[in-house]
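Residue numbers are given in UniProt numbering: position 290 of the sequence shown equals residue 290, and the series is strictly consecutive. Glycine included, every Cβ here is placed at the ideal spot set by N, Cα and C.
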Amino acid sequence: MAVVILVLVVAVVSIVFAVRGKSAASGAADSEESSLTQETELEQEVTVENINITGMSREAAKQAIENAYPWSMTVTYGEESYSVPNLMEEKINALLDEIYSGEPQASYSLDTSGLEDAVTAQAAAVAEKWDKEAKNGSIDGYDASSGKFTFKDGENGLAVDQEKLISDMNAAIAGKQFDAVLEVSAAEVAPEYDRAAAAEQYETVSTFTTNTTANSKRNTNIRLACEAINGTILQVGEEFSFNDVVGERTEAKGYQAAAAYNNGEVVQEIGGGVCQVSTTLYNAVVRGGFKITTRRSHTYEPSYVTPGQDATVSYGGPDFKFLNNSSAAIGLKASYSNQVVTISVYAIPILEDGVKYDLKSTKLKDIDPPAPTYEEDQTLQPGEEKVKSQGSLGSYWETRLVITKDGEVVSEEVDHNTTYKGHAPVILRNTSGVVITPEETTAP
């Protein structure tokens, strides 16, 4: 019985190994077949474009074809050049796949059809490399003595003749001149307008004014900030930063200590008051149709502009920024005189004729003031309280951008909402139980 079982086990093991061996042999055969496609030498007489590849492996045949028809197509402009990537690579690979995977024909030609889209894409790439947009005449400086901007001439642009390049590339490929050197044709493009025409295009597109107090130190700071901004030129796509242009407000520059908010408290700060300049600029820029990128309101309601229409700044802190989203450089004029801040934007208008932008702010609600703060005053009787300052309500405002066309409102959408804090009442009291009587003064 044991002998029978042993015989059966040996038989099963033999069958398993036989199956495994067959499977392994099959896998190896598939792998060999794949590699043979690459390594098989053609026995039949086969030519490609009169190149005899009989007896060659696939790789050797490809090399022979590429040696006879090397791809090195180049497009030149002046001393510069652009190498066109091999557009025939896939065509040659597809042809060799056909030859080496079945019964090949006696002769073949290289198929150069169907490359129109690829050629068009390459012509576009060449144009992207060498096309140059014409620059119109524009402002390029500011004459402080006359208070006027100066202008410069425009610059010619360059446009590659893509249609001709496409035609030349297609002809070279169809003629199997894959190593052709093609000289691009390009024409100069004149600017839309020169210096004189630019001067006629520019105008003051927006102006805004605010009134200051009689505080001489604050007004000095405002004047210095205006002088820093006056004559600034912003190129197309350039962003204006108040803190970058005006710079740090320091005593060395002439700035003086004046009232400013710091963490909600009124303090004497070097450069106090310059927020009125950034606020005036903000309003001028909005009305010119330019894009605001960074703006923050004050903690408390401003007194020199409608709440919701202010822009606070602090060097190293909040900034006011906007973008020149027009098609030409713009200039800024800023001045202070007789307690009036005036800022204008000088540009080629970006708003359509008759279109105007404006801001409209509405107070939606009052906000209760913070809880009272107390200060000790021992001149008061114990338990006595005296109001030092009443405090004030806070407020919540909605500001809309109003767009009109020939005086008729065409759009009025919410631009932003603003919450202003109220001021806490300040109350004097004596909790010490000790009363200090003011010293009496005796006249001599």
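- For N50, there is no enclosing beta strand (DSSP E), since its DSSP letter is neither H nor E.
- T150 and R195 have their C-alpha atoms spaced approximately 9 Å apart.
- Following the DSSP letters along the chain, one finds I367 inside the beta strand (DSSP E) bounded by residues 355-367.
- The C-alpha of Q381 lies about 14 Å from the C-alpha of V387.
- By the criterion of a C-beta distance shorter than 7 Å, H416 is surrounded in its chain by T399, once the five residues flanking it on both sides are discounted.
- Per DSSP, D143 is one residue of the beta strand (DSSP E) stretching across 138-143.
- Residue range 216-229 is occupied by the alpha helix (DSSP H) that includes N219.
- Contact between the stretch 239-259 and the stretch 317-327 is present: three or more C-beta pairs spanning the two stretches fall below 8 Å.
- In the DSSP assignment, V181 is bridged to T74.
- Taking all protein chains in view, the Cβ of V266 is surrounded by fewer than 16 other Cβ atoms within 10 Å, so the residue is classified as exposed.
- Spatial neighbours of A134 in its own chain (CB-CB distance under 8 Å, excluding positions within 5 residues in sequence) are listed in chain order as G154, E155, N156, G157, V189, A190, P191, E192.
- Counting only runs of 3 or more residues that sit fully inside the stretch 77-108, the beta strand (DSSP E) segments are 80-83, in chain order.
- About 6 Å separates the CB atoms of N221 and G272; that is less than 8 Å, so the two are in contact.
- F240 carries a strand assignment under DSSP once its states are collapsed to helix, strand and coil.
- A334: member of the beta strand (DSSP E) spanning 330-337, first to last residue.
- Counting C-beta pairs closer than 8 Å gives three or more between the stretch 337-349 and the stretch 199-211, which meets the contact rule.
- Taking each of D368, G383, T209, H298 in turn and checking the Cα distance to K333, the smallest one comes out for T209.
- In this structure, T112 is the residue among A199, N211, T213, T112 with its C-alpha nearest to the C-alpha of A172.
- Here C275 has T312, V313 as same chain residues with Cβ atoms under 6 Å from its own Cβ, once five neighbours each way along the sequence are excluded.
- Contact between the stretch 101-116 and the stretch 79-86 is absent: fewer than three C-beta pairs spanning the two stretches fall below 8 Å.
- Beta-bridge partners assigned by DSSP to F151: I139.
- The DSSP-derived three-state label of Y420 is strand.
- Here Q268 carries a strand assignment [DSSP, helix/strand/coil].
- Taking all protein chains shown into account, A123 has 16 or more neighbouring C-beta atoms within 10 Å of its C-beta and is therefore buried.
- Secondary structure at S278: helix, using DSSP grouped into helix, strand and coil.
- Bounds of the beta strand (DSSP E) holding N211 are 203-211.
- For S167, no beta strand (DSSP E) segment is defined; the enclosing uninterrupted segment is the alpha helix (DSSP H) at 162-174.
- For L428, DSSP records a beta bridge to E375, K386.
- In the three-state DSSP reduction, G288 falls in the helix class (H, G or I).
- In this structure, the CA atom of A127 is about 7 Å from the CA atom of Q162.
- The continuous beta strand (DSSP E) containing E188 extends over residues 186-189.
- Remark: C-beta atoms of T418 and G308 approach each other more closely than 7 Å.
- If you ignore the 5 residues before and after G247, its C-beta comes within less than 8 Å of the C-beta of A228, K253, Y315, all in its own chain and listed in chain order.
- The DSSP-derived three-state label of T437 is coil.
- Going by beta carbons, I166 and V119 fall inside the 7 Å limit.
- Residues of the same chain with a CB within less than 7 Å of the CB of E183, apart from the 5 flanking positions on each side, are T76 in chain order.
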